[in-house]
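S.K.:
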Amino acid sequence: MTKTTRARRATALTAAVVAVAGTVAVAIAEPSAAYSATGTIRVASDVFPVVTSISPLMGAPDGGTPVTIVGSGFQDIDTDNLSTVLFGDVPATGIWVVSDTKLVATAPPGTGNVLVKVVTDAGTSKNVTSMFGYRLKLSADFDSVTAKATGGAEIPVTVSGATVGSTASQFAALKVTAKVGGIPTTKVTWVDDTHVKVVVPATTRAVPSKLQLVQDGFTGPESTATVNYAPVITSVTPGAVAVAGGDTIRIVGSGFGGVDPKDPDAVTVGGVDASYFQVVSAGQIDAVVPAGAAAGYAAVKVTAPGGASAEAARIAYRSALTFAGDQYLRANGGVHLLTVTGGTLGANLADYAAAGISVRMGASKLTATYVDATHLRVTLPVLTTDSLALTIYQETVAGPVATIPVAPVVTSLSAVSDTVGGGSTVKVKVAGPGVTTASNFLFGTYAAVCPGSGSGSGLVFTCVVPAAAAAGPVWVRFTSGSGTASRFTPAASFSYTDID
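Numbering follows the numbering used here, with no gaps: position 462 of the sequence shown is 462.
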C-alpha cells in the first residue's frame, strides 16, 4: 500500500496590538484556541508625549506663572525631574500632573517667546504652536479722575514694574496698550521710560473703573486709582413740559448702563427726583417729570456710581396758558386782539419766540403775533358756529382749551349815511351763526324794516333807514336767529346828518 504524505497544515498567526500607558503590548496568537493555547509576546515601546494647548499664553519675565498644559502621555512623568517640562531650554520650577491629559507647570524666569515642551523617556513633544510669551508686568499709577462716558479724556500715568523704553521707537516695539474697566483704550502715548498718557475709551456703564497697562497682550495689575465715568446727556425731548408735572421725557446719552434703577436720586429735574424713570438702554432713559416750582428752565441730571452728568441739559417748564373767557370772536374773522391768562407770554419778543408759542384751532395753526406779556393778535377765518375752541401751545405743551363765543356782525353797508329824516334804502350784509333768520335791525336805537333775500354769501337784508331824532354817528345792529345780539365792527358804522 502506498503511503501518502500528509500536508503540513499552515497555521496563520494573528497579532493584536493593545496600547497601554507608557508601553505597547503586542499579543500573538493562533487563529483557534482549539488547536493550541494562545501565546503572548509583550514588546515594550514608550508613547511620545503630545502637547495640544497651553494656558495662559503669557507671563511675567520673573517667572512664577502657573501654566496648564493639555495633551497626552503625562501619566508616568516624574514630577521631581523638572527637566520634564521645558520653557524653551529652561526647566519649569514646579510640575503637578493632574491626569494623563493634563499637567500644570510653573514658568521659570525668561524673555521673549519660547516653546513649551514635555520630555519623557520616549522623546520630546513636537508641537510647535505651544508658545509661551514673556511680557512686562506693567503697573499704572495716577490720581483718580472723572471722565465722560463718551471717553476721550487723557490721563497722565506713571509706569512701575518695568520701563517702557527710553525712546518712542523702543516704546512702539514693546506694543504697550491699556484697558479701562476691561475696555481697550484708543491711544497710549509715550512720554519717557516711566510715563505715558492714556486716552480713556467710551463706556456704556458710568462706574468707577480700574486702569491696566498691557504689554503685547499681557495685562498688568489693576490700578489702585480709578477713572470715574460720569453719564453724558446729549438730548432731552420734548424740550418743554407742563409746570404741573406728569409729562414723560426721553433722555438720550451715554453711560446709562451704570445707573441704579432703584436709586430715586438717579434722575432729577430741577433738583427734584423724577416721579418715575426707566433705564431703557445704555443710551436712553425715559422719565416722568415732577411738578415744577414755577415756569422756567430746569436742569436734567443723571447720576451713576461714577458721577453725575453736567447740568447743561435742561427742559423748560411751561405754565398753562389759555384765553380769557370774557371775550368774543367776530364771525367775519380777521385779526383779533385777545387776552391771555394762566401765565405770561414773555417780557419781550425774544422771550416769546423762545417759548415756541402757537395758537391752534383744532389741528390748524393760526397766525399769532406778540403784543405784550398778556395779549396776542390772532388772525381767524370766517366763522359760522356759535363758539370756537382755541388752544395755546408752548412748544408741545398745550394749555386748557378756551371756548370763546362767536358773535354775528355786519360785514358791509351799501350806504353809510342818511339825513335825520331817513327813508333811504341800505343793503346790509351780515355774517355769523343763525343770520339767515336775523331780525330786530336797529340804526342806533331806531328800529328798521329789513327784509332778507338770497342765501350764503349772497344773503342781504334791504333796510329802509328809520328817521332819527338828531344827527350823529350810530351803528347798525341786529339779532341772529339764535337770539344772539350782533357786535360792533367798523363795517357797521352809519351816520345821520341834518343836511338835506
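Glycine included, every Cβ here is placed at the ideal spot set by N, Cα and C. Just so we're clear, the structure is a prediction, and the values are computed from it rather than from any experiment.
What is the rounded straight-line gap between the Cα of GLY283 and the Cα of GLY110?
M.R.: Numbered from its first residue, the sequence shown carries residue 283 at position 283. Numbered from its first residue, the sequence shown carries residue 110 at position 110. So the two alpha carbons sit approximately 46 Å from each other.
S.K.: Tell me where the alpha helix (DSSP H) around SER83 begins and ends.
M.R.: As a working note, residue 83 is residue 83 in the sequence shown. Run containing SER83: none; DSSP gives neither H nor E here.
S.K.: Determine the burial state of ARG487: buried for a count of at least 16 other Cβ atoms within 10 Å of its Cβ, exposed for fewer.
M.R.: Taking the sequence shown and counting its residues from 1, the one referred to as residue 487 is at position 487. By the 10 Å Cβ count, ARG487 comes out buried.
S.K.: Just to confirm my understanding: we take THR158, look at its own chain, exclude 5 residues before and 5 after, and list those with CB closer than 8 Å. What are they?
M.R.: As a position in the sequence shown, residue 158 is number 158, starting the count at 1. Excluding residues within five positions, the ones whose Cβ falls inside 8 Å are ALA140, ASP141, PHE142, THR194, HIS195.
S.K.: Between VAL67 and the rest of its own chain, which residues show a CB-CB distance below 6 Å, the 5 nearest in sequence each way excluded?
M.R.: Residue 67 sits at position 67 when you count from the first residue of the sequence shown. Excluding positions up to five away in sequence, the list reads ILE54, ALA105, ALA107.
S.K.: Would you kindly report the start and end of the unbroken alpha helix (DSSP H) that includes LEU321?
M.R.: Position 321 of the sequence shown holds residue 321. Here LEU321 belongs to no alpha helix (DSSP H), and DSSP marks it neither H nor E.
S.K.: What separation, rounded to the nearest whole angstrom, lies between the Cα atoms of GLY421 and LEU321?
M.R.: The residue you call residue 421 lines up with position 421 of the sequence shown. The residue you call residue 321 lines up with position 321 of the sequence shown. Rounded to whole angstroms, GLY421 to LEU321 spans 51 Å at the Cα level.
S.K.: Quick one: residues in its chain with C-beta nearer than 6 Å to the C-beta of ALA492, no 5 flanking neighbours on either side, listed in chain order?
M.R.: For this step, residue 492 is matched to residue 492 along the sequence shown. The answer, listed in chain order, is VAL410, TRP475, VAL476.
S.K.: Assuming SER439 and THR384 make a contact with CB atoms under 8 Å, what is their CB distance in whole Å?
M.R.: Here the question's residue 439 lines up with position 439 in the sequence shown. Here the question's residue 384 lines up with position 384 in the sequence shown. No, SER439 and THR384 are not in contact; Cβ-Cβ is about 19 Å, not under 8 Å.
S.K.: Since ALA563 is in the alpha helix (DSSP H), which residue starts that stretch and which ends it?
M.R.: Residue 563 cannot be examined here, being either before or after the span of the chain that is shown, 1 to 500.
S.K.: Quick check: the segment 258 to 267 against the segment 290 to 303, are there 3 or more CB pairs under 8 Å?
M.R.: Judged by Cβ distances under 8 Å, the segment 258 to 267 makes contact with the segment 290 to 303, as three or more pairs qualify.
S.K.: If you draw a straight line from the alpha carbon of GLY306 to that of ALA274, how long is it in whole angstroms?
M.R.: As a first step, residue 306 must be located in the sequence shown, where it is residue number 306. As a first step, residue 274 must be located in the sequence shown, where it is residue number 274. Spanning the two alpha carbons is a distance of roughly 20 Å.
S.K.: Rounding to the nearest angstrom, what Cα-Cα distance links SER166 and VAL188 in this structure?
M.R.: On the sequence shown, residue 166 is found 166 positions in, with the first residue counted as 1. On the sequence shown, residue 188 is found 188 positions in, with the first residue counted as 1. Taking the straight line joining both Cα atoms gives about 15 Å.
S.K.: What residue does the beta strand (DSSP E) around TYR370 start on, and which one ends it?
M.R.: Within the sequence shown, residue 370 is the residue found at index 370, counting from 1. Note, TYR370: beta strand (DSSP E), 364 to 372.
S.K.: Which residues mark the beginning and the end of the beta strand (DSSP E) in which LEU57 is found?
M.R.: Residue numbering aside, residue 57 sits at position 57 when the sequence shown is read from its first letter. Careful: LEU57 lies outside any beta strand (DSSP E) and carries neither H nor E.
S.K.: Considering TYR328, what are the terminal residues of the beta strand (DSSP E) in which it resides?
M.R.: Sequence index remark: in the sequence shown, residue 328 carries index 328 (1-based). Premise fails: TYR328 is in no beta strand (DSSP E) and is neither H nor E.
S.K.: Evaluate PHE277 with the Cβ neighbour count: other Cβ atoms within 10 Å of its Cβ, from every protein chain shown; 16 or more gives buried, anything less gives exposed.
M.R.: For the purposes of this step, residue 277 is identified with residue 277 of the sequence shown, where counting begins at 1. When all chains shown are included, PHE277 counts as buried.
S.K.: Determine the burial state of ASN81: buried for a count of at least 16 other Cβ atoms within 10 Å of its Cβ, exposed for fewer.
M.R.: If you number the sequence shown from 1, residue 81 lands on position 81. The residue in question, ASN81, is exposed, as its Cβ has fewer than 16 Cβ neighbours within 10 Å.
S.K.: With H, G and I counted as helix, E and B as strand and the rest as coil, what does DSSP make of THR437?
M.R.: Your numbering for residue 437 matches position 437 in the sequence shown. The answer is helix: DSSP assigns THR437 an H, G or I state.
S.K.: Does the Cβ of PHE48 have 16 or more other Cβ atoms within 10 Å, making it buried, or fewer, making it exposed?
M.R.: Against the sequence shown, residue 48 aligns to sequence position 48. The residue in question, PHE48, is exposed, as its Cβ has fewer than 16 Cβ neighbours within 10 Å.
S.K.: THR391 bridges to which residues according to DSSP?
M.R.: On the sequence shown, position 391 is the one that residue 391 refers to. Note: THR391 sits in a beta bridge opposite ARG360.
S.K.: Hey, would you say ALA470 sits closer than 8 Å to ALA407, going by beta carbons?
M.R.: Locating residue 470 in the sequence shown gives position 470, counting from the first residue. Locating residue 407 in the sequence shown gives position 407, counting from the first residue. No; because the gap between Cβ atoms is not below 8 Å, this pair is not in contact.
S.K.: From this set, LEU338, THR489, ASP247, which residue's C-alpha is nearest GLY325's C-alpha?
M.R.: Here residue 325 refers to the residue found at position 325 when the sequence shown is read from its first residue. Out of LEU338, THR489, ASP247, LEU338 has the C-alpha closest to the C-alpha of GLY325.
S.K.: What number of angstroms, rounded off, separates the C-alpha of ASP62 from the C-alpha of THR219?
M.R.: The residue labelled residue 62 in the question sits at position 62 within the sequence shown. The residue labelled residue 219 in the question sits at position 219 within the sequence shown. For ASP62 and THR219, the distance between alpha carbons rounds to 15 Å.
S.K.: Counting Cβ pairs closer than 8 Å, one from the segment 111 to 131 and one from the segment 194 to 213, do we hit at least three?
M.R.: These segments do not touch.
S.K.: Taking its Cβ as the centre, do 16 or more other Cβ atoms sit within 10 Å of LEU578, making it buried, or is it exposed?
M.R.: In the structure as shown, the chain begins at 1 and stops at 500. Residue 578 is therefore absent and cannot be evaluated.
S.K.: So for LEU115, helix, strand or coil by DSSP?
M.R.: Here residue 115 refers to the residue found at position 115 of the sequence shown. In the structure shown, LEU115 sits in a strand (DSSP, three-state: E or B).
S.K.: Please work out which residues of its chain come closer than 7 Å, Cβ to Cβ, to PRO400, disregarding the five sequence neighbours upstream and downstream, and give them in chain order.
M.R.: Your numbering for residue 400 matches position 400 in the sequence shown. Excluding positions up to five away in sequence, the list reads ALA320, THR322.
S.K.: Within 10 Å of its beta-carbon, does ARG250 have 16 or more other beta-carbons around it, so buried, or fewer, so exposed?
M.R.: Working through the sequence shown from its first residue, we reach residue 250 at position 250. Burial call: exposed.
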